[in-house]
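> This structure is in structure tokens; I'll ask about it shortly.
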Amino acid sequence: MVWYITAAVRLKLLVSVVDEEEAFSAFQGGCDILDVKNPYEGSLGANHPSLVRRIVERFKGKVEISATIGDLPNLPGTASLAALGATSLGVDYIKAGLLGVYDFKSALKLMSWIVEAVKEENVNVKVVACCYADYRLTGSLDPIHLPTVAYESGADGILIDVKTKGGKKVFEYLNIEQLAQIYSKAREFGLMTALAGGLDSEDVISVAKLKVDVLGVRRGVCDSSEWLYGRVRLEKVRDMKERILKLKTPP
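First residue of the sequence shown: 7, per my numbering; consecutive thereafter.
Set out below in structure tokens:
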């Protein structure tokens with residue numbers, strides 16, 4: 007079965023992993039981006055630098071690699087040092103969660119410091135500003151402001167995720183129309199776009215219709231719906247990748 011999507015589909019699959027074994031499963035399953043994170047520290051929790059380094063050494067040049075630097079408090083100095091450290095490990099993307107900021111001015115300063123630290127070290131590393139669909143629960147920045155924050159700070163892209171991992175999907179906090187508005191603005195700015203938050207294979211078509219560049223998953227490719235305790239499985243990654251590859255433009 008082939009699903010037809012209105013626009014040309016170039017959807018990349020990002021799989022978040024917690025160790026080298028999961029990284030190998032995700033790679034063998036056909037992911038486009040290996041995302042190193044630590045779920046015990048949050049939805050964008052940072053893992054140990056030694057693990058990031060080992061994954062870079064093993065997979066660099068075979069697949070793109072990203073690293074999360076945390077669900078960040080409003081501490082630009084701390085955040086920029088974390089970003090610099092992650093950049094030095096050789097990753098392709100740095101993902102920064104704007105958890106501790108709720109207004110545009112604070113978010114812009116936090117992201118500006120992060121971007122400056124990364125680009126001074128390696129201009130080729132892409133910085134992704136991340137917001138939370140459940141921002142009302144977390145007291146953080148409204149995602150409607152995310153494209154402008156990313157653009158004015160010099161970041162390369164945006165990601166919308168979910169902070170409170172209680173089983174709800176991103177679509178339960180922001181509907182398709184709200185997400186489409188945010189991503190449309192991001193594309194106007196020339197930003198890379200990504201969506202995550204409890205997504206699985208059944209969500210591929212909905213994500214593709216939003217015309218985002220990257221679909222991010224973890225729980226959806228694990229052997230358990232328990233976000234913290236499930237393990238990434240090769241066959242589930244492969245199934246999701248195959249669904250993405252079935253997306254075609256109309257004849």
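Using N, Cα and C, we set each Cβ at its ideal position, and we do this for glycine too.
Under a Cβ-count criterion, where at least 16 other Cβ atoms within 10 Å of its own Cβ denotes burial, should residue 28 be classed as buried or exposed?
Classification of residue 28: buried, given that the 10 Å Cβ count is 16 or more.
> Residue 245 lies in the alpha helix (DSSP H); which residues open and close that run?
240–251
> I need the DSSP call for residue 46, collapsed to helix, strand or coil.
helix
> What number of angstroms, rounded off, separates the C-alpha of residue 98 from the C-alpha of residue 66?
9 angstroms
> If residue 24 sits next to residue 73, beta carbons under 8 angstroms apart, how far is it from one beta carbon to the other, in whole angstroms?
Actually they are not in contact, since the Cβ atoms of residue 24 and residue 73 sit about 12 angstroms apart, beyond 8 angstroms.
> So, using beta-carbon positions, are residue 166 and residue 197 closer together than 8 angstroms?
no
> Starting from the Cα of residue 158, find the closest Cα among 200, 33, 121 and give me that residue.
Considering only alpha carbons, the answer is 121.
> How would you label residue 235, buried or exposed, when you count the other beta carbons within 10 angstroms and need 16 or more for buried?
Looking at its Cβ environment, which holds fewer than 16 other Cβ atoms inside 10 Å, residue 235 is exposed.
> For my contact list, residue 76 and residue 51 are in at a C-beta cut-off of 8 angstroms; report their separation, rounded to the angstrom.
6 angstroms
> Between residue 175 and residue 140, is the Cβ-Cβ spacing less than 8 angstroms?
no
> Using only alpha-carbon positions, find the residue among 183, 163, 249 that is nearest to residue 208.
249
> Going by C-alpha to C-alpha distance, which of 232, 228, 90 sits closest to residue 239?
228
> With a cut-off of 8 angstroms on the beta carbons, I'd call residue 58 and residue 95 a contact; round off their distance for me.
5 angstroms
> So the beta strand (DSSP E) residue 75 belongs to, where does it begin and stop?
70–78
> How would you call residue 111, buried or exposed, if buried means at least 16 neighbouring beta carbons within 10 angstroms?
exposed
> Could you pull the start and end residues of the beta strand (DSSP E) that residue 99 belongs to?
99–104
> At which residues does the alpha helix (DSSP H) containing residue 62 begin and terminate?
55–65
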